[in-house]
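Engineer: The numbering of the sequence shown is my numbering, which starts it at 6 and goes up by one. From the three backbone atoms N, C-alpha and C, an ideal C-beta is built for every residue, glycine too.
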Amino acid sequence: KLPRAGVHRDLDAVDADWRRFCVFPDSLAGRCLHMWPHPNTEQAMWRPVTEHWVSQAMVAWRGGDLPGFVKFIGCLSHFFGDMTQSAHLVDLKLLAELLPAPGSMAGFHYHTDLEAVTGKCGPLRPPQLLGLSVPEVAWRVANLNTQAMRDCRRYIVPILQSLFAGDKAEAERQAGPPVTAAAQITADVAYSA
């Protein structure tokens with residue numbers, strides 16, 4: 006979501022140009038990544054987000070603006086991380102009913118606490134060209150994200166079971182493949198841009 010007005014000062018202190026990367030133009034259906042009107046499972050409806058950031062990354066690259074290129078790719082990487090993150094892949098209310106937290110973890114938050122488990126990125130294959138045009142890259146990214154979401158759902162239960170058993174190391178190990186999937190898509194998109 007767009008930060009509250011008072012938060013803008015803090016963001017401005019970090020990067021006065023943050024809106025360039027985080028706020029979408031009026032021509033798009035949403036104002037920013039977390040205000041996009043379509044569910045993440047409908048990746049075909051997310052192609053305009055990918056097209057926007059890829060095209061902006063390319064403009065930055067061609068203009069010799071390496072920091073801008075990196076920031077636009079970073080925005081895409083955040084998006085890919087959300088697509089593979091356990092807390093974003095299932096109905097968390099249903100998950101809490103199916104796998105209730107043990108009594109000793111009564112305050113467990115199925116989004117925040119699950120999202121806080123960070124896995125280590127595994128080895129990546131060399132990046133691949135995803136297309137020769139921005140729409141082609143966006144189309145392939147939608148398909149890659151859809152497959153990644155399907156693949157990464159299998160880690161949700163093992164991560165939760167590990168957390169509930171107090172085995173943080175195992176939870177982090179189980180979170181590694183989703184992190185690796187997001188990193189690989191990021192590498193492919195950066196190479197394509």
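1) Jot down the residue ranges of each uninterrupted beta strand (DSSP E) in the segment 127 to 196, minimum 3 residues, whole runs only, in chain order.
2) Mind the definition here: the segment 70 to 81 touches the segment 52 to 60 only if three or more C-beta pairs lie below 8 Å; say whether that holds.
3) Quick check: the Cα distance between Pro131 and Leu168, rounded to an integer number of angstroms?
4) Does DSSP put Glu47 in a helix, in a strand, or in coil?
5) State whether the segment 114 to 121 contacts the segment 144 to 158, with contact taken as three or more CB pairs (one from each stretch) at a distance under 8 Å.
6) Going by alpha carbons, who is nearest to Thr46 out of Cys157, Val28 and Ala192?
7) Can you list, in chain order, the residues of its chain with a C-beta nearer than 8 Å to that of Trp23? Leave out the 5 residues immediately preceding and following it.
8) What does the Cβ neighbour count give for Val256, buried or exposed, with the cut at 16 atoms within 10 Å?
9) What first and last residue would you give for the alpha helix (DSSP H) that runs through Pro53?
Structural biologist: In short, the structure shows the following:
1) Runs of the beta strand (DSSP E) inside the segment 127 to 196: none found.
2) Short answer: they touch.
3) By 1-based counting over the sequence shown, the position of residue 131 is 126. By 1-based counting over the sequence shown, the position of residue 168 is 163. Looking at the two C-alpha atoms, the distance is approximately 33 Å.
4) Against the sequence shown, residue 47 aligns to sequence position 42. Collapsing the DSSP output to three states places Glu47 in coil.
5) With a cut-off of 8 Å, the segment 144 to 158 and the segment 114 to 121 do not count as touching, because too few Cβ pairs lie within range.
6) Position 41 of the sequence shown, counted from the start, is the residue given in the question as residue 46. Among Cys157, Val28 and Ala192, the Cα nearest to that of Thr46 belongs to Cys157.
7) One-based indexing of the sequence shown puts residue 23 at position 18. Excluding residues within five positions, the ones whose Cβ falls inside 8 Å are Leu16 and Asp17.
8) The structure shown does not extend to residue 256, since the chain spans only 6 to 198, so no value can be given for it.
9) Residue 53 sits at position 48 when you count from the first residue of the sequence shown. Pro53 -> alpha helix (DSSP H) spans Arg52 to Arg67.
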